[in-house]
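Taking it in order: structure first as C-alpha cells, then the write-up.
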Amino acid sequence: MKRCFLVTIIIAIAGFALLCRCFLNVAHAPDAWKWFAACGAVGIICAYFFVIITQYYTDYEYNKVQSIAEASVTGAATNIIAGLA
68 MKRCFLVTII IAIAGFALLC RCFLNVAHAP DAWKWFAACG AVGIICAYFF VIITQYYTDY
128 EYNKVQSIAE ASVTGAATNI IAGLA
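Per our numbering, the sequence shown starts with residue 68, numbered consecutively.
Now the structure itself:
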C-alpha cells in the first residue's frame with residue numbers, strides 16, 4: 068500500500084504543478100505559480116506523513132498496537148497502563 072500511495076503522491080504533485088503552471092502563470096508575476104505548486108506539494112507530503120503515522124499507531128503489525136492488545140487480555144487497568152507507557 069505504501070508504494071502505491073507514494074506513486075500516487077508523485078503523480079498528484081506533478082499534476083498539481085502542471086495545473087498551477089497552466090492556470091496561475093500570469094505576465095506580471097511569471098514565477099508565482101512555482102510558489103503555489105510548492106505549497107501544494109508540501110501539503111500533499113504532510114498528508115502522506117499523517118497517513119504513515121496513523122498507520123503506525125493503529126495497524127496491528129506494529130509493536131505499539133500489539134503490546135496494547137496483549138495488555139488488554141488481562142483487564143482494563145493493564146490496558147490503561149500499557150497505553151500510557
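By construction, the Cβ of each residue, glycine as well, lies at the ideal position given by its N, Cα and C atoms.
In angstroms, rounded to a whole number, what distance separates the CA positions of residue i and residue j?
i, j, result
"Ala108", "Ala94", "23 Å"
"Tyr127", "Ala143", "19 Å"
"Phe116", "Cys106", "15 Å"
"Ala96", "Ile76", "27 Å"
"Trp100", "Cys71", "28 Å"
"Ile78", "Ala136", "37 Å"
"Lys131", "Thr141", "17 Å"
"Cys89", "Leu73", "24 Å"
"Leu91", "Tyr124", "39 Å"
"Met68", "Gly110", "20 Å"
Alpha carbons only, please: which of the options is nearest the one belonging to residue i?
i, options, result
"Ile80", "Pro97, Ala96 and Cys113", "Cys113"
"Phe83", "Val132, Ala104 and Ser134", "Ala104"
* Which runs of the alpha helix (DSSP H), 4 residues or longer, sit entirely within the region 84-145? -> Here the runs fully enclosed are 99-125 and 130-139.
* Take every Cβ of the region 115-127, pair it with every Cβ of the region 137-152, and state whether three or more of those distances are shorter than 8 Å. => Contact between the region 115-127 and the region 137-152 is not established, with fewer than three Cβ pairs separated by less than 8 Å.
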